[in-house]
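Using the working numbering, read the sequence shown as starting at 58 and increasing by one per residue.
By construction, the Cβ of each residue, glycine as well, lies at the ideal position given by its N, Cα and C atoms.
One structure is given here, and the rest of the page talks about it.
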Amino acid sequence: MLKSLLHRYIRGFAKRYNYDASYMHEIAHISTAGFIRLAIMQTAGGQWQADAPRDPYHAAGIAAVLVEDCGPCVQIATDIAVEAGMSPQIIAALLAGTPTDADAQLGFDYGRALIGGGDALDDLRAMIERKWGKASLLAISMHALTGRNFPVIKRAMGHAKACQRVRVGKVDVVVNQVLKAA
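Structure representation (structure tokens):
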């Protein structure tokens with residue numbers, strides 16, 4: 058019974074985001090407990106925004122999946138950010154590596170440095186803490202941290218084979234590949 062509910066949830070997620078969720082079905086089939094643990098980890102850590110401003114919060118998540126993925130998970134992070142009200146133009150600029158809103162850029166740069174071990178991490182962390190406080194820093198960090206989980210688990214399960222362009226709103230964005238390396 059629980060397994061069928063999980064598969065129905067996964068089908069809904071896949072349809073909502075036009076996403077190949079076959080690895081999620083595989084995880085649910087292999088272990089209901091494993092799937093539930095992954096879902097709890099994602100929900101508990103990755104969806105707590107605290108007082109973090111929307112754009113830097115989502116920009117950090119997009120950056121984190123960008124470091125780990127070549128398209129499908131970046132697409133979902135982008136779609137979720139747009140659903141939350143983030144400007145598609147800001148997201149497109151971040152992915153293309155062109156100048157954009159300073160707060161969103163700070164979150165994006167921090168997410169890349171955090172996940173990729175970038176040299177600017179200490180300075181970016183201090184800037185976020187000064188601007189928005191420690192709770193926001195923690196929320197932005199947790200969002201970036203959990204953002205990388207799906208690309209990593211996809212690789213672990215042998216499903217990280219697809220690359221794609223990212224569509225932001227109605228525009229295909231060519232991701233600046235330099236951004237994939239922190």
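Residues of the same chain with a CB within less than 8 Å of the CB of Phe92, apart from the 5 flanking positions on each side, are Leu63, Met81, Ile84, Ala85 in chain order. Secondary structure of Arg111 (DSSP, three-state): helix. A residue is called buried once 16 or more other Cβ atoms fall within 10 Å of its Cβ, and Thr155, having fewer, is exposed. At the C-beta level, Leu171 and Ser198 come within 8 Å of one another.
Nearest to Glu125 by C-alpha distance, out of Ile67, Gly215, Gly204, is Gly204. In the DSSP assignment, Val139 falls within the unbroken alpha helix (DSSP H) covering 129-140.
By DSSP's assignment, Asp229 forms a beta bridge with Arg224.
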